[in-house]
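Residue numbers (the working numbering): 1286 to 2021. Cβ atoms here follow ideal geometry from the backbone N, Cα and C, with glycine treated the same way. Shown next, in structure tokens, is the structure this report addresses.
Here is the structure:
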């Protein structure tokens, strides 16, 4: 948004929310007079007025901008007229405005008069239909970039034949594609020159250079292309590796995040995959930090706000004053020992960043961590790996002789994120004894220490270091023991121990993520009988979903193909009625299961974390981030449910079932048009469709036109250009 109109837009939004439309009219006229070319800032106001039933008023407010823009920026005048047509289609001056603006912007196009004549014929006297026809015919001109969501992807308009009424478009895998002028707007989405896809295609080197000099600007470009809000994972997908290499990403993002934190028009959420928003109204970094601190209700949440602000801001008098105020407000909240220790750590960090802050710690951190019993009790309550490790390391520095015993006992505490650090310390020198003792305690009673057992088993299976003198079962037996342990945990959950749900999720994730990496390591070097025994144990695992079971089963049968003969072929989940079934190959079904796995194991946990972070920010009555996260969670759950219901109807088709006598699923069909040009389509299911390679779904309009046809028969297929007659030349099997 333009800085010149930010205050005006904010006021108009407030007036619309109070239905004070008369005052909106005055404010809009003032803003338009102040910055008439900043139409992008005014269009959202027009949309809100239209939604409030004030479309005609919105059109009248836009109309005075047209003559001004015709002199300065005719292309913006066209956009204003199109906006008027949308919100006020009965405007009596609409056609005159359209003729003037389109003439000013497009008269240089060869055959422009043909376009106007075509619009006149199509409109049949309707001014709105006339403008609509012009909009559709001139939606794209040579040099424009567009996007085809159904598979062709990014394209560039290379030519326009106004007389013939056609556009020529080059897609990455489909050069010289032609489409009718009026139809293009229905099939393709126009991309602005500052869209990230366009910038990568048109000026990739320039974008890479800008990523180095203006990382925040590049993020803003991506956000604008994603409706001004996205998460880090989605942004990374747009930039890595085409703009930022995978190796450089982490370092680049650290710098970009710090720059974004200072940007008044950007809001960055918390967590490893934060939501990043492009704001309409400027919010200074200090103001945002103050609001977040005040809204955070728990001490730990306030500390997180301070840690983030300290990391992302630069030293200044304003920062020092703000941090001092934060620190002073923490002191009354530090009543228990672990709370005092947290505040001690925070004030120590502030003292390093800002000299002479003038705030004293509520206690001595050294005194708090010196005693072993008190330390172990406090450390668990710190609930943060960085602070937990810090407390343990401070104790180690104060207790040169007995620290290793304390670290060994700490391994048995609920502090999974610091177990690696604990083991790293204890595996050095002569300190392995306490860790060996702790590990044996876990092995003797894995049900009491399920996550510790997982940590031990995973390290053993992956060949990572463990204490000397430890005797463990073979890797396949360790994995089998993990499946047994997960079943035990599930039973306890079913009996009411709901707090163990996170434990079960950790066990499930460790055994199934990365396409069963842990299982692959567990069966490496084992014989077929061992693998068969483990497969039997996996199939008895009640905690496994059908998707997880399929993943683990595939890992074993790929390593031991002979076991596949003992396994049932991949079948749909539940009974399938032929008439309602979704046809797919085994690989196609697997793709759909992988999508379900991503939703269940990546997307839903990520949004659950966002919800947790949003709840931690305090007042939930006006928490837009929380509302957005909950809405996203609802969509994802619905998506998962939809996929699971689909999978129940999937019918896996093998090569033996394909009949090449007629066009159908699993066939490759050669067609010939009236001009003698041939095209070959492979017909598979909706999960395997790949338009770039002419692989179409059996449910697609094109396939529907040729299904059941034999070689030599005529067929009518539907394309973006309309209906086309084809002759079926040949049919062959596409599945081997």
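Per-residue burial, residue i [other beta carbons within 10 Å of its own, 16 or more giving buried]
i            : result
residue 1589 : buried
residue 1417 : buried
residue 1760 : buried
residue 1711 : buried
residue 1864 : Low confidence applies to residue 1864: its pLDDT is 36, below 50, so where it sits in the model is not reliable enough to give any reading.
residue 1502 : exposed
residue 1882 : buried
residue 2018 : exposed
residue 1600 : exposed
residue 1953 : buried
residue 1602 : exposed
residue 1342 : buried
residue 1339 : buried
residue 1361 : buried
residue 1315 : exposed
residue 1939 : exposed
residue 1729 : exposed
residue 1541 : buried
residue 1768 : buried
residue 1702 : exposed
residue 2016 : buried
residue 1717 : buried
residue 1783 : exposed
Spatially closest choice to residue i from the options, by CA coordinates
i            : options                : result
residue 1623 : 1664, 1614, 1315       : 1664
residue 1743 : 1794, 1694, 1785, 1467 : 1794
residue 1801 : 2021, 1746, 1563       : 1746
residue 1754 : 1777, 1724, 1687, 1730 : 1724
residue 1381 : 1509, 1399, 1411       : 1411
residue 1789 : 1650, 1736, 1498       : 1736
residue 1533 : 1512, 1500, 1505       : 1500
residue 1326 : 1464, 1308, 1347, 1985 : 1347
residue 1880 : 1921, 1569, 1914       : 1921
residue 1613 : 1848, 1539, 1635, 1621 : 1635
residue 1440 : 1448, 1449, 1453, 1446 : 1453
residue 1465 : 1459, 1458, 1473       : 1473
residue 1312 : 1295, 1722, 1607       : 1295
residue 1685 : 1657, 1699, 1696       : 1657
residue 1869 : 1931, 1836, 1845       : 1931
residue 1469 : 1978, 1421, 1378, 1972 : 1421
residue 1387 : 1355, 1969, 1378       : 1355
residue 1972 : 1944, 1726, 1871       : 1871
residue 1878 : 1846, 1917, 1929       : 1929
residue 2012 : 1694, 1964, 1649       : 1964
residue 1598 : 1681, 1571, 1630, 1476 : 1571
residue 1915 : 1933, 1924, 1896       : 1896
residue 1442 : 1431, 1448, 1450       : 1431
residue 1849 : 1944, 1822, 1826, 1816 : 1816
residue 1811 : 1822, 2010, 1448, 1762 : 1762
residue 1986 : 1978, 1977, 1968       : 1968
For residue i: DSSP bridge partner residues
i            : result
residue 1442 : 1454
residue 1516 : 1560
residue 2017 : 1953
residue 1636 : Partner(s): none; residue 1636 has no beta bridge.
residue 1867 : 1935
residue 1433 : 1438
residue 1462 : 1454
residue 1476 : 1430
Contact test: residue i Cβ vs the ligand SAM heavy atom, cutoff 8 Å
i            : result
residue 1394 : In terms of ligand content, the structure shown is empty, and the ligand SAM therefore cannot be addressed.
**Asked** Counting pairs of beta carbons, one from the segment 1492-1505 and one from the segment 1523-1533, are three or more of them closer than 8 Å?
**Response** Yes, they touch.
**Prompt:** What are the uninterrupted segments assigned as beta strand (DSSP E) that are 3 or more residues long and contained completely in the segment 1769-1852, given in chain order?
**Reply:** For secondary structure counted as the beta strand (DSSP E) over 3 or more consecutive residues, the segment 1769-1852 holds no complete run.
**Prompt:** With contact counted as at least three CB pairs below 8 Å, one residue from each stretch, are the segment 1419-1437 and the segment 1383-1398 in contact?
**Reply:** A contact is defined here as three or more CB-CB pairs under 8 Å, and the segment 1419-1437 meets this definition with respect to the segment 1383-1398.
**Request:** Enumerate, from N- to C-terminal direction, the unbroken alpha helix (DSSP H) stretches of 4 or more residues contained entirely within the segment 1961-2002.
**Result:** You should have 1986-1991.
**Item:** Inter-stretch contact (C-beta, 8 Å, three-pair minimum) for the segment 1884-1897 and the segment 1986-2003
**Value:** Touching, no.
**Request:** Would you be able to state if there are at least three C-beta pairs under 8 Å between the segment 1589-1607 and the segment 1540-1550?
**Result:** With the cut-off at 8 Å, the segment 1540-1550 and the segment 1589-1607 touch.
**Completely contained alpha helix (DSSP H) runs for the segment 1564-1608, where each covers 4 or more residues** = The qualifying runs are 1570-1580, 1584-1597.
**Message:** Which complete alpha helix (DSSP H) runs does the segment 1313-1347 hold, if anything under 4 residues is left out?
**Reply:** Runs found: 1324-1336, 1340-1347.
**Asked** Mind pulling the alpha helix (DSSP H) runs of 4 or more residues that sit fully within the segment 1502-1556?
**Response** The alpha helix (DSSP H) runs of length 4 or more contained entirely in the segment 1502-1556 are, from start to end of the chain, 1517-1524, 1531-1547.
**Message:** Taking 8 Å as the cut-off, does the segment 1368-1376 touch the segment 1396-1403 (at least 3 CB pairs, one atom from each stretch)?
**Reply:** Contact between the segment 1396-1403 and the segment 1368-1376 is absent, because fewer than three Cβ pairs lie under 8 Å.
**Request:** List in chain order: all unbroken alpha helix (DSSP H) runs of 4+ residues lying wholly within the segment 1355-1413.
**Result:** With a minimum length of 4 residues, the unbroken runs of alpha helix (DSSP H) contained wholly in the segment 1355-1413 fall at 1359-1372, 1379-1391, 1397-1408.
**Request:** Please list the segments of the alpha helix (DSSP H) lying wholly inside the segment 1683-1731, counting only runs of 4 or more residues, in order along the chain.
**Result:** Listed in chain order, the complete alpha helix (DSSP H) runs (minimum 4 residues) inside the segment 1683-1731 are 1688-1695, 1704-1711, 1717-1729.
**Request:** Can you check the segment 1651-1685 for any alpha helix (DSSP H) of at least 4 residues that lies completely inside it and give the ranges in chain order?
**Result:** If we require 4 residues or more, the alpha helix (DSSP H) runs fully inside the segment 1651-1685 come out as 1657-1667, 1670-1683.
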